[in-house]
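The numbering of the sequence shown is our numbering, which starts it at 1 and goes up by one.
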Amino acid sequence: MLSAQTKERLAFFILFLATLVVILPVALVIAVIVKNGAPAISWEFLTQMPRAGMKQGGILPAIVGTFYLVTGAVCFALPLGLLAAIYLSEYAKDSMMNRIVRLAIINLAGVPSVVFGLFGLALFVGFFKFGASILAGSLTLGIMILPVIITSSREALDAVPKSFREVSLSLGATKLQTIKNAVLPHALPGILTGTILGIGRAAGETAPILFTVAAFYLPRLPHSIFDQVMALPYHLYVLSTQVPNVDQKIRYGTALVLLAIVLAMNLVAVTIRSYFRGQKKW
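As structure tokens, this is what we get:
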């Protein structure tokens, strides 16, 4: 019969192995990308237009396009998702319809990205006549990350103790003032967590932008939200499958830049989240 201390050590060892199983493949992928992509990184690669059918030059249009698309998606999805989460958490009654809506939102988070791409093609490109543009692509990506932001924001709001609301209401504050001053500041770290997850998914998706915005080869910067753009995920796909005799370091360099952009965006969001989490008093 094993002692309690031995069981505890065995449990810790199993958890450590499980952690390694998760971390090691990720670390290996990052190491391969950095090793093969670092030789391609240069000032020209980051700031020049592509030339010779993307075999030479840089990837500046793809970098700028990715930044525009992710920024537009977050600007659309974050306010809308937060408002929906506030309604579901603070105003909607616990009814059958409310539970169905919550289940539908959770299920939407698991819908394949290609389905969102087809939806964006039909609605924004076709019905609203936005054409293949930054606007159509950003809205499509925004709808794709909306369920993640709504779910995480609602859970963050529900995690705020009810006593905070009761004290605020007892002091004469309105429902809206209570949400604004007593609930949202404490739920902000959880809301930013959902935003971080949304940024990572929006920056790395190929199918939605393939239908709504991405251009195969466009060696210029966009001038308006109705222009097409190149984007790093689609650019990487094209380099790997459609353009023959491309130097391997260019492919891995593009992947490394995409990884660095996602990491930088997440780092900014994590820093903001850590700041607000440090302001918590409970």
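We treat Cβ as the ideally placed atom computed from N, Cα and C, and that holds for glycine.
The three-state secondary structure of P161, taken from DSSP, is coil. F116 is a Cβ neighbour of M144, given a cutoff of 8 Å. Note on T47: under 16 other CB atoms within 10 angstroms of its CB, so exposed under the neighbour-count rule.
Nearest neighbour of T66 by Cα position, chosen from P147, L221 and E44, turns out to be L221.
V262 and I199 have their C-alpha atoms roughly 7 Å apart.
Per DSSP, the unbroken alpha helix (DSSP H) holding V115 starts and ends at S113 to G120.
Straight through space, the alpha carbons of D94 and T212 are spaced by roughly 38 Å.
Using a Cβ distance threshold of 8 Å, L197 and V148 count as a contacting pair.
Per DSSP, the continuous alpha helix (DSSP H) segment holding L256 begins and ends at Q248 to G278. Taking C-beta separations shorter than 6 Å and ignoring five residues to either side along the sequence, the partners of S168 in its chain run T178 and A182, following chain order. When DSSP states are grouped into helix, strand and coil, R201 belongs to the helix group. A residue is called buried when at least 16 other Cβ atoms come within 10 angstroms of its Cβ; S152 meets this threshold and is buried. P185 is positioned such that its CB atom lies no closer than 8 Å to that of R273. Linking L83 to P50 through their CA atoms gives a straight-line distance of about 41 Å. Pairing G72 with I134 gives a Cβ-Cβ distance under 8 Å. In the three-state reduction of the DSSP assignment, Q56 falls in the strand class, which pools E and B. The beta carbons of P208 and G120 sit about 6 Å from each other, so the pair counts as a contact at 8 Å. For V229, the closest of A11, P219, A27 and N98 by C-alpha to C-alpha distance is P219.
The Cβ-Cβ distance between L259 and A202 does not fall below 8 Å. Residue state for R51 is assigned as strand, using DSSP reduced to three classes. Beta-bridge partners of A38 (DSSP): none assigned. Taking the Cα positions, P161 is about 21 Å away from R99. Contact between S138 and L69 holds: their C-beta atoms lie close to 6 Å from each other, under 8 Å. Residue nearest to Y87 within the set I250, L210, E155 and R9 is E155 (criterion: CA-CA distance). Shortest Cα-Cα distance from Q242 to any of D227, Y217, G253 and K249 involves Y217.
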